[in-house]
Amino acid sequence: MELVFALAIGTLTASGVYLLLRARTFPVVVGLTLLSYGVNLFLFSTGRLATGAQPIIGSTESYTDPLPQALVLTAIVIGFAMTAFVVVLSLRSLADHDDDHVNGDQSSSEPDSAAPEKREGHDQ
Amino acid sequence: MNQWLIAPILIPLLGGILQVFMGYAPISLRRTLALATTVLLLVATIVLLLLANDGQYRLYAFGNWQPPFGIVLVLDRLAALMLVLTAVLALFCHLFSLGGYDEGNRQFHGLFLFQLMGLNIAFLTGDLFNLFVAFEVLLIASYGLLMHGGGTARTIPGLHYVVLNLVGSALFLISVGMIYSVTGTLNMADLALRIPDLQGADLELVKAGGLMLLVVFGLKAAVLPLSFWLPKAYARASAPVAALFAVMTKVGIYAILRVYLLVFGNHAGPLANLGMDWLFPLALVTLAMGVIGALGAQSLKTLVAWQVVISVGTLLAPIALGSNAGISAALFYLLSTTWTVGGLFLLSELVASQRGSAGDRIVTAPPMQNRTLLSVFFLVGAVAAAGLPPLSGFFSKVLILQSVTSGSEMAWLWGILLVGSFFTVIAYSRAGSIVFWRTVGGHIEDPPRLGGEVRAATGALVALSVIIVAFAGPINEYTDATAAQLQDRQGYVQILQTPMVQEDN
Numbered sequence: 001m002e003l004v005f006a007l008a009i010g011t012l013t014a015s016g017v018y019l020l021l022r023a024r025t026f027p028v029v030v031g032l033t034l035l036s037y038g039v040n041l042f043l044f045s046t047g048r049l050a051t052g053a054q055p056i057i058g059s060t061e062s063y064t065d066p067l068p069q070a071l072v073l074t075a076i077v078i079g080f081a082m083t084a085f086v087v088v089l090s091l092r093s094l095a096d097h098d099d100d101h102v103n104g105d106q107s108s109s110e111p112d113s114a115a116p117e118k119r120e121g122h123d124q
Numbered sequence: 001m002n003q004w005l006i007a008p009i010l011i012p013l014l015g016g017i018l019q020v021f022m023g024y025a026p027i028s029l030r031r032t033l034a035l036a037t038t039v040l041l042l043v044a045t046i047v048l049l050l051l052a053n054d055g056q057y058r059l060y061a062f063g064n065w066q067p068p069f070g071i072v073l074v075l076d077r078l079a080a081l082m083l084v085l086t087a088v089l090a091l092f093c094h095l096f097s098l099g100g101y102d103e104g105n106r107q108f109h110g111l112f113l114f115q116l117m118g119l120n121i122a123f124l125t126g127d128l129f130n131l132f133v134a135f136e137v138l139l140i141a142s143y144g145l146l147m148h149g150g151g152t153a154r155t156i157p158g159l160h161y162v163v164l165n166l167v168g169s170a171l172f173l174i175s176v177g178m179i180y181s182v183t184g185t186l187n188m189a190d191l192a193l194r195i196p197d198l199q200g201a202d203l204e205l206v207k208a209g210g211l212m213l214l215v216v217f218g219l220k221a222a223v224l225p226l227s228f229w230l231p232k233a234y235a236r237a238s239a240p241v242a243a244l245f246a247v248m249t250k251v252g253i254y255a256i257l258r259v260y261l262l263v264f265g266n267h268a269g270p271l272a273n274l275g276m277d278w279l280f281p282l283a284l285v286t287l288a289m290g291v292i293g294a295l296g297a298q299s300l301k302t303l304v305a306w307q308v309v310i311s312v313g314t315l316l317a318p319i320a321l322g323s324n325a326g327i328s329a330a331l332f333y334l335l336s337t338t339w340t341v342g343g344l345f346l347l348s349e350l351v352a353s354q355r356g357s358a359g360d361r362i363v364t365a366p367p368m369q370n371r372t373l374l375s376v377f378f379l380v381g382a383v384a385a386a387g388l389p390p391l392s393g394f395f396s397k398v399l400i401l402q403s404v405t406s407g408s409e410m411a412w413l414w415g416i417l418l419v420g421s422f423f424t425v426i427a428y429s430r431a432g433s434i435v436f437w438r439t440v441g442g443h444i445e446d447p448p449r450l451g452g453e454v455r456a457a458t459g460a461l462v463a464l465s466v467i468i469v470a471f472a473g474p475i476n477e478y479t480d481a482t483a484a485q486l487q488d489r490q491g492y493v494q495i496l497q498t499p500m501v502q503e504d505n
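As given, the protein sequences belong to chains A and B, one line each in that order. For the first sequence, position 64 (counting from the first letter as 1) is numbered 64 according to UniProt numbering, and the numbering increases by one without interruption. For the second sequence, position 115 (counting from the first letter as 1) is numbered 115 according to UniProt numbering, and the numbering increases by one without interruption.
Have a look at this one:
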């Protein structure tokens, strides 16, 4: 179980980081979401993985640590609010600049750069 | 257990909730209540400062749970100093915002107060995960404030700021998880006790977690590889918000001071002074980068935003070296620079409002109204920020220079700080002489009148650099005592022994 769990966290985090480095806001938002999934799973595992154990000390032989579960709950709520905010902000940026590039409308903000070719490159 | 410790959190919380439900109330009523909340907060923090000045640690345990099992608030000299620093800055920013800068968004005052609440939780908390929650509270309020005032110029720097901080939060959670998985505790005092005994693989895990935590705090503090978001975001924010954000980078510095002196301090065995050899060169490079940015700034607000980066570098260099005198000098500089930078942000906005279409760009323009008053403010602010005698910036930089006495570190810090200050003076004199002296013909159509509150707020923040000099003796005694208290790990750890109040039944 540890191996599967670790692979899941690693895949989520790696995909999240890859998407974060994209140039459009939508992949960036999805990347942030995947990253926070990975982080939440990681945080959950910090109390050690145990199946069928109660979160009460002394009740049975093996018990599971309830604190990471509380931490994950907090992190999920906060991450959810932040994701909602970043979605709204990206939509606002799209509306303001008619472009969902993370730097806004490149042709107006950086007149010297060869913006049109660059943008075609990102679309592929 | 001391109930007063919760006041700096409850006051802005209640005031903020009130504002949320008063979005459609007359603006004069909202302003009065909001300003009253900030004044009340300042009074409460001063009371706490007087309490903390006896050198005792005071504890507030939520729900009467014995630490380390419950979340605790801990008041010591450093926390009290940061609370007062923030409350003073917030009061004047808030006063400034009443000059029409709070219009256009019904929730400005609410967000402003929630931001203060987040800051105060961060300064008071004695729990690592609670510190994360405090960061999130202050960040989500700051996202809203950064967008305040509208305009398309703010969305892109705002988006960068939000995405970067979300990644920072993810890293924070990972490092908290790593530390918890080994030590089984997140209470800072308890961590300080457990970390010296770690061995083997556990040690490496905590080391990785601790270094990642340094990256997170470095992002908040805008240490060099992580500081490029700052100038754009701060320069585009509306003036009272930018001035309040002068304290946001200081939260990162506070967290470094608190966590790395207590948990990874001299007593931490194999992990003693974790990451501090990295921090010192990074701080110096940050300082140099800030000076280069200030020299190349195209507008007053960008110039002041780079001054924030300069002050971060100047603050972290002596903190990384970790001597008592260095930390004391850094705290002295912290007071001086935060208020001065806040005042300069407000001043840039006033200058921009008087120059028509030229705004705050460093270009020649027709002569502005109120030039004498604004130029005096700029002179005082620039002298204090650049560190020329006789204002507070000079004294604090002298203290920082004096605190470093050994070999190559002294050579590096003295060299970069002195040359950097020289170029900062050049940057300010270039900006000041172009903006205030070099004018072209013509006149500006109907510049808005400067109201009493904006003049008072800007003047007061700038004038604080004079007041700091006047009270340099007592302030320096306080920062010395704070530095000594920070180095004394035993005192902080004692809070774990605090007896809880028994129930009466």
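Heads up, the beta-carbon is just placed ideally off N, CA and C, and yes, glycines get one too. All values reported here derive from a predicted model rather than from experimental measurement.
- In chain order, L230, P231, Y234 and A235 place their CB closer than 7 Å to the CB of B/A305, counting only its own chain and leaving out the 5 sequence neighbours on each side.
- Here DSSP, grouped into helix, strand and coil, assigns A/T46 to coil.
- Of B/G415, B/I11, B/T482 and B/G343, the smallest CA-CA separation from B/T458 is found for B/G343.
- Of all residues in the stretch 10 to 41 of chain B, none is placed with a Cβ closer than 7 Å to any Cβ belonging to chain A.
- Taking a Cβ-Cβ threshold of 9 Å, none of the residues of chain B is close to A/A6; the smallest such distance is about 13 Å.
- Every candidate beta strand (DSSP E) stretch fails here, since none sits fully inside the stretch 5 to 30 of chain A while reaching 3 residues.
- Under the Cβ criterion of 8 Å, A/V30 is not counted among the residues facing chain B.
- Contact between B/F217 and B/G252 is confirmed by a C-beta separation of about 5 Å, below the 8 Å threshold.
- Its Cα nearest to that of B/A7, the residue B/T45 stands out among B/I27, B/T45 and B/G16.
- At a cut-off of 8 Å between beta carbons, B/V72 makes no contact with chain A.
- Take the alpha-carbon of B/V43 and the one of B/A87: they are about 9 Å apart.
- At a cut-off of 8 Å, the C-beta of B/T152 has a neighbouring C-beta in chain A.
- Scanning its chain for C-beta atoms nearer than 6 Å, with the 5 sequence neighbours on each side dropped, one finds around B/A243 the residues C93, G342, F345 and L346, in chain order.
- Residues of the same chain with a CB within less than 7 Å of the CB of A/I76, apart from the 5 flanking positions on each side, are N40 in chain order.
- With respect to the 8 Å criterion, A/S90 and B/L145 are not classified as neighbours on the basis of their beta carbons.
- Counting only runs of 4 or more residues that sit fully inside the stretch 295 to 379 of chain B, the alpha helix (DSSP H) segments are 300 to 321 and 324 to 354, in chain order.
- Just so you know, the alpha carbons of B/F132 and B/D102 end up roughly 29 Å apart.
- Separation of the CB atoms of B/T364 and B/I434 is rounded to 6 Å, and the pair is thereby assigned contact status at 8 Å.
- Between B/V263 and B/M289, the gap from beta carbon to beta carbon reaches 8 Å or more.
- If you keep only unbroken alpha helix (DSSP H) runs of at least 4 residues inside the stretch 245 to 305 of chain B, you get 248 to 262 and 276 to 295.
- Less than 8 Å divides the Cβ of B/L18 from the Cβ of B/L33.
- B/M276 sits buried, since 16 or more C-beta atoms from the chains shown fall within 10 Å of its C-beta.
- Around B/L166, the beta-carbon contacts reaching into chain A at under 7 Å are L32, M82 and V86.
- With a threshold of 8 Å between beta carbons, A/D96 makes contact with chain B.
- Its Cα nearest to that of A/S45, the residue A/M1 stands out among A/M1, A/D99 and A/D98.
- The DSSP assignment places complete beta strand (DSSP E) segments of no fewer than 3 residues inside the stretch 45 to 87 of chain B at 58 to 61 and 72 to 75, in order along the chain.
- At a beta-carbon threshold of 9 Å, the residues of chain A lying near B/V162 are M82, F85, V86 and L89, ordered along the chain.
- Minimum Cα-Cα distance from B/G293 among the listed residues B/G441, B/L282, B/Q307 and B/F280 corresponds to B/Q307.
- The three-state secondary structure of A/Y37, taken from DSSP, is helix.
- Secondary structure at B/Y24: coil, using DSSP grouped into helix, strand and coil.
- Residue contact with chain B for A/P66: absent (no Cβ-Cβ distance below 8 Å to any residue of chain B).
- Listed along the chain, the chain A residues whose CB falls inside 7 Å of the CB of B/A170 are L35, S36 and V39.
- If you ignore the 5 residues before and after B/F96, its C-beta comes within less than 6 Å of the C-beta of P240, L346, V454 and A457, all in its own chain and listed in chain order.
- Counting only Cβ-Cβ distances below 9 Å, A/R24 has no contacts in chain B at all, with the closest Cβ about 12 Å away.
- At a Cβ-Cβ threshold of 8 Å, B/T152 and A/H101 do not count as neighbours.
- Annotation: the continuous alpha helix (DSSP H) that includes B/A472 extends over A472 to Q487.
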